[in-house]
Every structure is written in structure tokens, then in C-alpha cells.
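Working notes, structure below.
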Amino acid sequence: MAQRNSVRLLSRSTCSRSDMTYLRDALSERVGEFIQLRRDIHQHPELAFEEHRTSALVADKLQAWGYAVHRGLGGTGVVGTLTRGTSQRRLGLRADMDALPIQEANGVAWASTKPGLMHACGHDGHTAMLLAAAKALANDVTFDGTLNLIFQPAEEGGGGAVRMMADGLFEQHPCDAVFAMHNMPGVRTGHFVFRDGPAMASSDYATIRIHGTGGHGAMPHRAADPLVAASSIVMALQTVVSRNVDPLQTAVVTVGAMHAGQANNVIPALATLELSVRALDPDVRRLLEQRIKDLVAAQAQSFGVTAEVDWRAGYCVLVNAVAETDFARQVALDLVGPDRVTLHGPALTGSEDFAFMLEKIPGSYLLIGNGDGDSAGACMVHNPGYDFNDDNIATGAAYWVALAERFFSQ
Ligand SMILES: [Zn+2]
Ligand SMILES: [Zn+2]
């Protein structure tokens with residue numbers, strides 16, 4: 001069994017503010033182990049579904065602390081389960097483990113050792129925070145219920161949450177509520193941000209192929225130019241958000257790539273467009289898909305070409321449940337005080353596959369500030385200069401412990 005050191009955390013069923021301060025201080029005292037762990041994971045980043053080293057590290061730690069460990073769920077996912085007492089209450093806490101295909105620009109001692117790969121979204125930190133909480137919950141906290149710690153692969157577009165759910169995540173490890181935390185650059189270190197209702201956008205993708213008839217650039221009347229049709233479609237797409245979507249709703253239609261032709265005197269036979277499409281409401285999401293398909297068909301017809309839309313549904317809208325968000329918010333208020341809590345932050349047009357877990361189980365996705373102003377933590381995620389702020393590990397872990405404590409005392 002892992003060492004049960006002199007720091008005793010909470011064993012009471014309800015936590016006062018002074019308990020919370022004590023809890024955070026206690027975790028701060030021994031957080032060095034988890035800062036080292038975070039940096040170790042940072043040095044060894046792994047892409048979606050390739051998190052073999054990271055998931056083995058997570059599973060081995062959980063097992064050493066007495067968790068029942070389920071490896072290989074959704075490929076490289078891990079669930080650690082700890083049941084205490086007789087209560088039927090079941091809590092799920094989720095962290096993500098994957099890195100990104102970005103060349104790290106940081107000169108820190110713990111910089112990535114893998115060329116072209118880095119933890120540029122802080123999933124190394126999310127994993128370390130939840131592991132620090134896992135150790136405290138196993139060794140220092142008395143609770144009554146079942147705790148499921150979910151370490152998922154492939155958040156960055158790979159749909160690791162969906163893969164774990166397809167493998168029976170919630171059938172084998174039922175949860176009454178699930179929570180997840182992501183760091184947020186630009187927000188003060190250790191500051192918590194909550195939002196109930198839609199909080200992050202759906203993210204869909206479309207490839208539009210416009211088929212014309214190629215020909216000589218000097219004789220356009222003998223061809224059907226897909227490039228001109230594509231240009232018109234790009235402009236027409238700008239009207240979907242401005243003219244079809246309710247102005248009080250949020251939507252994004254971005255044409256991120258346009259490919260056609262190779263020579264100045266050749267009319268190509270094919271033009272392709274790549275789109276990213278986002279919404280914060282499922283009805284708006286459906287409207288965007290329908291309008292884009294209708295508009296492309298009508299535009300193609302008007303230019304005498306044909307077009308096909310290859311629509312690929314990505315992550316769904318992330319909707320935080322009201323009651324669970326209230327609960328999570330109160331835990332933060334008691335832990336760090338109202339000055340360090342944003343009760344209802346703005347929605348984000350980024351997307352997040354925890355949304356699929358929230359479609360099935362009520363819960364909440366919250367943010368913890370990674371640093372603001374000129375601090376290093378203010379560098380945005382997915383930037384080569386980004387690094388997770390280790391000052392958050394004690395606070396984030398204390399938050400998870402406090403949330404679990406309170407959840408099981410209800
Ligand atoms: Zn990311
Ligand atoms: Zn992320």
C-alpha cells in the first residue's frame with residue numbers, strides 16, 4: 001500500500017471553509033510527487049489511442065493505491081474503481097491523457113522528448129491532478145459509495161470518450177454523476193469557471209467536392225468551371241450564419257481549405273472545400289447542416305456543375321446539467337472563496353468529447369485558470385509555447401477530493 005504519511009485529510013461528511021483550506025494546504029505539502037509525475041508525462045507525450053505508456057503509468061499507480069483497475073477500455077482508457085461502505089452512490093471523475101502533433105517550443109527541463117509531439121492542451125496536468133486526488137481519496141479520506149476515476153484516451157478529435165462508452169464504460173462502471181476539469185489560459189491561476197447549460201460547441205466537418213468539366217483556359221465556354229462555382233459557394237456560405245441563424249444564437253461556418261487547379265491555362269475538373277461547422281444548440285446544428293447542403297446543391301446547379309457534400313458529425317454540444325453544476329460550483333466556493341470563482345462564464349466555440357458522457361450521465365465540465373496577464377500560463381492551449389501550470393495540481397486535486405467528499409455525504 002502506498003505510504004500513509006503524516007498528513008491527514010478530511011474524514012468528516014461536510015466541509016467547512018477552514019477544512020477546505022486545510023485540505024488544500026495538505027495536498028500542497030506533498031504535491032511534489034505529482035509535479036514530477038506531470039513533468040514525466042509531459043516528457044513522454046502520446047497521440048490519441050497510443051497512450052500506452054501513460055495509461056500503464058496511471059493503471060499501475062491506481063492499482064498500488066488499492067483501486068480495482070480496468071485497463072484497455074476504449075483502447076488505452078483506464079478506469080480505477082474504489083468502493084467504500086454500503087452506499088449506492090456512484091461518482092465519475094474524468095481526465096484525458098492524449099497529446100498533440102505539435103513541436104514544442106519550450107526550453108524547460110521537462111520538455112517533450114518526442115519530436116513533433118507535445119502536451120499542448122494540458123492533459124498531462126489533468127491526469128496528474130486526478131491521480132493526486134486518487135491517492136488522497138484512497139489513503140486519507142473516509143467516504144461511503146463508489147468512486148470511478150475515468151482516464152480517457154483521444155480527446156483531441158479521436159472521440160476516446162465515445163470509444164470507452166462503446167466498450168461499456170457506464171454499463172460496467174455506472175455513475176450517478178460525472179465531472180471533468182480543463183485548464184484555461186488567460187484565466188487567473190487556480191480560478192474556477194462554471195457554466196450551466198450549453199457550454200461548448202458541437203463540431204462538425206464537411207468536405208464539398210464540386211465536379212465540373214475541365215478544359216482549356218482560353219475556351220471557358222467549352223468547360224464547366226468548378227473553381228468559379230467553388231468561389232461562389234464560399235461567398236454564399238457566409239450568409240448561413242448572418243441570414244439563416246437566429247442572431248441571438250451562436251454558430252460558426254469556416255471554410256478552412258480550398259483546392260482547385262494547378263496551371264493558369266487549365267480549367268480544372270474538380271474543386272474541393274473543407275469546412276468546420278460549430279453550434280451551441282442542437283437545433284442550430286441541424287439547421288447549419290441542412291442549409292449548407294441545400295445551398296451547395298443550388299449553387300452547383302446554377303453553375304452547371306455537380307457537387308457532393310461529405311458530412312462528418314464530430315463532437316456534440318456540451319451541456320452542463322443545472323443541478324450538478326450548482327453542486328460543483330458550491331464545492332469551489334467553499335474551497336477557494338467567491339473571489340476565485342466565476343459563477344457563470346461564457347460559452348466556448350471549442351469542442352470537447354466529454355459532451356458525449358454528459359449526454360448520458362448528468363454532470364458538469366468546469367475550467368481552472370492556467371494563468372493570466374504576462375504569466376507563462378497565459379499562453380493558449382494548442383500553442384507550441386503552452387505548458388500546464390503546476391501550481392494548479394494541488395488546487396485541482398483538492399477540488400476533486402472536496403467534490404467527492406461532498407458528493408458521497410449527500
Ligand atoms: Zn486540446
Ligand atoms: Zn484539452
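Each residue of the sequence shown is one higher than the one before, counting from 1 in this note's numbering.
For each residue, glycine too, the CB sits at the ideal point set by N, CA and C.
For residue 121, the shortest C-beta to heavy atom distance toward ligand 2 is below 7 Å.
Beta-bridge partners of residue 198 (DSSP): 319. Restricted to the region 194-274, the beta strand (DSSP E) segments that are unbroken, complete and at least 3 residues in length are 197-200, 202-211, 251-260, listed in chain order. In the displayed model, residue 348 falls within a strand according to three-state DSSP.
In the structure shown, the three-state DSSP call for residue 375 is coil. Sorting 212, 292, 367 by C-alpha distance to the C-alpha of residue 227 places 212 at the top. A buried status is given to residue 37, since no fewer than 16 other beta-carbon atoms sit within 10 Å of its beta-carbon. Between the alpha carbons of residue 315 and residue 201 lies a distance of about 8 Å. In this structure, residue 129 keeps its C-beta atom at 8 Å or more from the C-beta atom of residue 100.
Cβ contact annotation for residue 343 (same chain, cutoff 8 Å, sequence separation greater than five): 194, 329, in chain order. The residue from 102, 244, 134 with its alpha-carbon nearest to that of residue 67 is 134. Annotation for residue 55: 76, 78 place their beta carbon closer than 6 Å to its own, counting only its chain and skipping 5 residues before and after.
Here residue 264 is exposed, its C-beta having fewer than 16 other C-beta atoms within 10 Å. Note on residue 300: 16 or more other CB atoms within 10 angstroms of its CB, so buried under the neighbour-count rule.
The beta carbon of residue 371 sits closer than 6 Å to those of 189, 377, 378, 389, all from its chain and outside the five residues before and after it, given in chain order. Residue 241 places its beta carbon 8 Å or farther from that of residue 401. The residues 90, 92, 148, 361, in chain order, have a CB closer than 6 Å to that of residue 175 in the same chain once the five nearest residues on each side in sequence are set aside. Cβ-Cβ distances below 6 Å link residue 277 to 204, 253, 288 in the same chain, with the five nearest sequence neighbours on each side left out; the list follows chain order. Secondary structure note for residue 96: it is in no alpha helix (DSSP H), and the uninterrupted beta strand (DSSP E) holding it is 90-96. Ranked by Cα distance from residue 154, the options 168, 250, 98 are led by 98.
Relative to ligand 2, residue 381 has its C-beta within less than 7 Å of a heavy atom. Going by beta carbons, residue 267 and residue 229 fall outside the 8 Å limit. In the DSSP annotation of this structure, residue 31 is not part of any beta strand (DSSP E), being labelled neither H nor E. In the three-state DSSP reduction, residue 364 falls in the strand class (E or B).
Assigned with DSSP and collapsed to three states, residue 70 falls in strand. The Cβ atoms of residue 260 and residue 270 lie closer than 8 Å to each other.
Annotation: the continuous alpha helix (DSSP H) that includes residue 401 extends over 391-409. In the displayed model, residue 168 falls within coil according to three-state DSSP, outside both helix and strand. With fewer than 16 other CB atoms across the displayed protein chains lying within 10 angstroms of its CB, residue 383 is exposed.
For residue 278, the pairing in a beta bridge is given by DSSP as 203, 252. Straight-line spacing of the CA atoms in residue 285 and residue 375 works out to 37 Å. Burial state of residue 152 is buried, judged by a 10 Å Cβ sphere holding 16 or more other Cβ atoms. Note on geometry: alpha-carbon atoms of residue 297 and residue 274 lie some 16 Å from one another. Between the alpha carbons of residue 410 and residue 333 lies a gap of roughly 17 Å. DSSP places residue 80 in no alpha helix (DSSP H) but in the uninterrupted beta strand (DSSP E) bounded by 77-84. Less than 8 Å separates the beta-carbon of residue 46 from that of residue 53.
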